[in-house]
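Asker: Protein chains in written order, with this note's numbering: chain A, 1436 to 1551; chain B, 14 to 97; chain C, 4 to 97. The structure follows.
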Amino acid sequence: MSEILFYLGAVMITIGGICDLFGALGLLKFPNFYIRLHAATVGTIGGAVVPLFGVGFLALGADFLPHKYAIAGASFVTGIIVLLAAPAGSHALAYAAHKTKIVKWEPKCDHLEVEE
Amino acid sequence: MIEIHLLMLLITVIIGLIFSYLAIIEKDSLKAIGFSAVHAIAYAIAFYILMAPDIVLAYVAVAVGIYSALLIFVVSKTERYEVV
Amino acid sequence: MNLENSFFLLMKFVIPVYLLAFIIYAIRAFKGPTIVDIILAVDCMSFDIAAFMAILAIYFKSAFLISGAITLALWAYLLDIYIAKHLVGKEVGV
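Listed below in structure tokens is the structure:
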């Protein structure tokens, strides 16, 4: 039973590392702020929530740790906090950037534009 | 090669040095506050690797949270760009 | 092989990937032309570092090191809200 939890946690940590690398590369290469928000979603959810849940499962399955229940509980709580807080924060940034018009972009059509 | 956590310490401290230099040179005040937040996160990892968790809690609460909020409040009362 | 040796083998492969992602986020924080690009890079960087702190807490075998991750995640969210409030309404306060 503890072996299954350990290997499940190890697989989730590896997937999180690869997703984090792809999110960082996307944040570097995309041309526009509004397109970079898509890459930031991969970077925060795939690169930070999934490894935190993976650390929780790995700590539950390991026998060589002295305080395994404390580490597992704190990791699960941090994962739920990042899952709820990261999309709210980036949505607030996108609303502020659209309202004050500081990003240079040429859209084909902008549905949120206010007609003067 | 050598221990892996010493390599991490070297990389993050060099990144902290680069961003603290950029925060001094910058003429736009809001960008300087952003660079100061990056510098604070790099130093938080450095304190963590040196095994001091109480300093990490105090440093993150002051440098990322309260310092940035206070300086943004000050910038909203005066002008945004430095005039030479 | 027992679990401890396989865990150290996993760490040798995973830790350089997180460090490389941190460096690439720092390059975007240096380059971004507007202020919201820099704050987005700070946001992503701090959530990545929170996950990295949780992994290192198992590596150093100590239970007290996990509390820095929760604090970093919460304060990075508040930094986004401060900048957004300043850009929209020109007032930051209660």
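Built from N, CA and C at the ideal position, the CB exists for glycine as well.
Just the Cα atoms here: how many angstroms apart are residue 58 of chain B and residue 1535 of chain A?
Answerer: Using only the alpha carbons, I get a separation of about 34 Å.
Asker: Within 10 angstroms of the Cβ of residue 1519 of chain A, are there 16 or more other Cβ atoms? Answer buried if so, exposed if not.
Answerer: exposed
Asker: Tell me whether residue 41 of chain B sits in a helix, a strand or coil according to DSSP, three-state version.
Answerer: strand
Asker: Rounded to a whole number of angstroms, what is the C-alpha to C-alpha distance between residue 1517 of chain A and residue 97 of chain B?
Answerer: 42 Å
Asker: Distance check for residue 1533 of chain A and residue 72 of chain C, CA to CA, integer angstroms please.
Answerer: 31 Å
Asker: Buried or exposed: residue 83 of chain C, going by 16 or more other Cβ atoms within 10 Å of its Cβ?
Answerer: Around the C-beta of residue 83 of chain C, 16 or more other C-beta atoms lie within 10 Å, and the residue is accordingly described as buried.
Asker: If residue 46 of chain B and residue 84 of chain B are in contact, beta carbons under 8 Å, what's the gap, nearest whole angstrom?
Answerer: Between residue 84 of chain B and residue 46 of chain B the Cβ distance is about 5 Å, and since that is below 8 Å, they are a contact.
Asker: Taking Cβ-Cβ distances shorter than 8 Å, what residues in chain A pair up with residue 91 of chain C?
Answerer: 1530, 1531, 1534 and 1535
Asker: Buried or exposed: residue 1446 of chain A, going by 16 or more other Cβ atoms within 10 Å of its Cβ?
Answerer: Exposed, by the Cβ-count rule.
Asker: For residue 7 of chain C, report the span of its alpha helix (DSSP H) as first-last.
Answerer: For residue 7 of chain C, the enclosing alpha helix (DSSP H) has its first and last residue at 6 to 34.
Asker: Could you please give me the residues that DSSP links to residue 94 of chain B through a beta bridge?
Answerer: B:41
Asker: Anything in chain C within Cβ reach of residue 44 of chain B, meaning under 8 Å, just list it in chain order.
Answerer: 38 and 41
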